[in-house]
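Quick note on the numbering used here: the sequence shown kicks off at 7 and runs consecutively. What follows is a set of notes on a single structure, which appears directly below.
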Amino acid sequence: MTLTEQKVHGRRAHLALVTGKEEVPTKSRSEKFDVNVISCWGPAGSPGKSTIAANLACEMTLLGQRVLLIDLDTLAPSLAVTLGLVDTPAGLSACLRLADQNRLSIEEYRRLTVAIQVGRHELRFMSGLSSPSRWPEVTLERVSKMLTTLKGEFDQVVLDLPQATNFQSNLNHPSTSSLVGELNRDSLLVEVLERSSKVVLVTGSDPVSAHRFLAAKEYFDSNVQGTNPYLVVNRFRTSALGSRAKAELQETYLSLAQARIDTFIPDEPGNFDRALFNGLPLALLKRSSPARQAISDLARQLLLDSASGEALAKLS
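Quick look at the structure:
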């Protein structure tokens, strides 16, 4: 057992004692959205999912895709700040309301989203909720209707999703009786994850991040059917786990979560700080950055794995 496994294995043993060996009933598989949706998600603790979502959307735009980036984080929306935007329209709330009333036109969509120039191409951004208390406005039916109404306007939708509010929602315990609101909030998260074309699961590269990842992955496996996430280790560095950090993380996640790491994003705090300060994606700030190249490779892989023949020709 690797050192990393020893540090995080205790949680797995604890959950086994709490849950016993009863099988969780399986549910029927949900249909996918009828548009290409790539959802970025991760555990609590700021592993960088919003940064990855914004940069993935920019990289796909640079590859010639028409991309809509939506801040669907109903707990802590932050993409507008990440992109250096102020006074953004109430995009998500307004578009969902109009879609629900069958009044969402292309003109309204363009008015309620922000056009961001990325090289020779344009990325559309839809800002999130003005307050986390408005999360009941965001329902699966409204989201589906909005995406279907607008599907002719984009090739890819990138979503930044909230963390789960209760990783042990399937446990029948008196302490969960006061969490009805949180469980309902989680139902939207689960449905969106399940209906997404691709899910990018973002974690960090230190023992604390690995510990949190196990909880998130267990939650994902217990609640989301028919989707295999792309596992991304963000801010990868050897200082937290030693010279064998990459191998240790691979071995730990394979052993404890049956998960294989797809991408390591190098830790470049200076470049990401400058990108945040300037409100720019990494690709427009430092194209030669190893972190930027890793995100670009991930974007291309996500597109290739789900591309049609026409789209493949466009990417080649």
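Backbone N, C-alpha and C define an ideal beta-carbon position, used for all residues, glycine too.
Subject >> residue 238 versus 269, 254 and 229, residue with shortest Cα-Cα distance >> reply: As a first step, residue 238 is located in the sequence shown; it is residue number 232 there, counting from the start. Distances from the CA of residue 238 to each of 269, 254 and 229 were compared; the closest alpha carbon is that of 269.
**OP:** Spatial neighbours of residue 201 within its chain, please: CB distance less than 6 Å, with the 5 preceding and 5 following residues excluded, ordered by chain position.
**Re:** Reading the sequence shown from its first residue, position 195 is the one you call residue 201. Cβ neighbours of residue 201 beyond the five flanking positions: 36, 38 and 39.
Original post:
What number of angstroms, rounded off, separates the C-alpha of residue 153 from the C-alpha of residue 245?
Top reply: Sequence index remark: in the sequence shown, residue 153 carries index 147 (1-based). Sequence index remark: in the sequence shown, residue 245 carries index 239 (1-based). Rounded to the nearest angstrom, the two C-alpha atoms are 43 Å apart.
**OP:** Look up residue 234 in the DSSP assignment and say whether it is helix, strand or coil.
**Re:** Sequence index remark: in the sequence shown, residue 234 carries index 228 (1-based). Three-state DSSP puts residue 234 in coil, outside helix and strand.
Subject >> Host beta strand (DSSP E) of residue 94 (start-end) >> reply: By one-based count along the sequence shown, residue 94 stands at place 88. It is not in any beta strand (DSSP E) - residue 94 carries neither H nor E in the DSSP assignment.
Subject >> Backbone secondary structure at residue 49 - three-state DSSP >> reply: As a first step, residue 49 must be located in the sequence shown, where it is residue number 43. Looking at residue 49 - three-state DSSP - the assignment turns out to be coil, as it is neither helix nor strand.
**OP:** Please report how far the alpha carbon of residue 271 lies from the alpha carbon of residue 242, in whole angstroms.
**Re:** Here the question's residue 271 lines up with position 265 in the sequence shown. Here the question's residue 242 lines up with position 236 in the sequence shown. About 6 Å.
Original post:
Taking DSSP as the reference, what is the three-state secondary structure of residue 273?
Top reply: Looking up residue 273 in the sequence shown gives position 267. Reduced to three states, the DSSP call for residue 273 is coil.
Original post:
residue 128 bridges to which residues according to DSSP?
Top reply: For the purposes of this step, residue 128 is taken as residue 122 along the sequence shown, with counting starting at 1. Beta-bridge pairing links residue 128 to 123.
**OP:** Excluding the 5 residues preceding and the 5 following residue 215 in the sequence, name in chain order all residues of the same chain whose CB lies nearer than 7 Å to its CB.
**Re:** The residue given as residue 215 occupies position 209 in the sequence shown. So the qualifying residues of the chain are 51, 53 and 209.
**OP:** On a CA-only basis, which of 233, 135, 162 and 193 is nearest residue 71? Give me that one, please.
**Re:** Sequence index remark: in the sequence shown, residue 71 carries index 65 (1-based). Minimum Cα distance to residue 71 is reached at 162.
Original post:
Which of the three DSSP states, helix, strand or coil, is assigned to residue 26?
Top reply: For the purposes of this step, residue 26 is identified with residue 20 of the sequence shown, where counting begins at 1. Below a pLDDT of 50, predicted positions are generally treated as unreliable, and residue 26, at 48, falls in that range; the measurement from the model is reported next regardless. Assignment of residue 26 by DSSP, reduced to helix, strand and coil, places it in the coil class.
**OP:** Within the same chain, show all residues whose beta-carbon is closer than 7 Å to that of residue 64, passing over the 5 residues directly before and after it, in chain order.
**Re:** Position 58 of the sequence shown holds residue 64. Taken in chain order, the residues that qualify are 124, 129, 287 and 289.
**OP:** Specify the secondary structure class of residue 74 as computed by DSSP and reduced to three states.
**Re:** Here residue 74 refers to the residue found at position 68 when the sequence shown is read from its first residue. In the three-state reduction of the DSSP assignment, residue 74 falls in the strand class.
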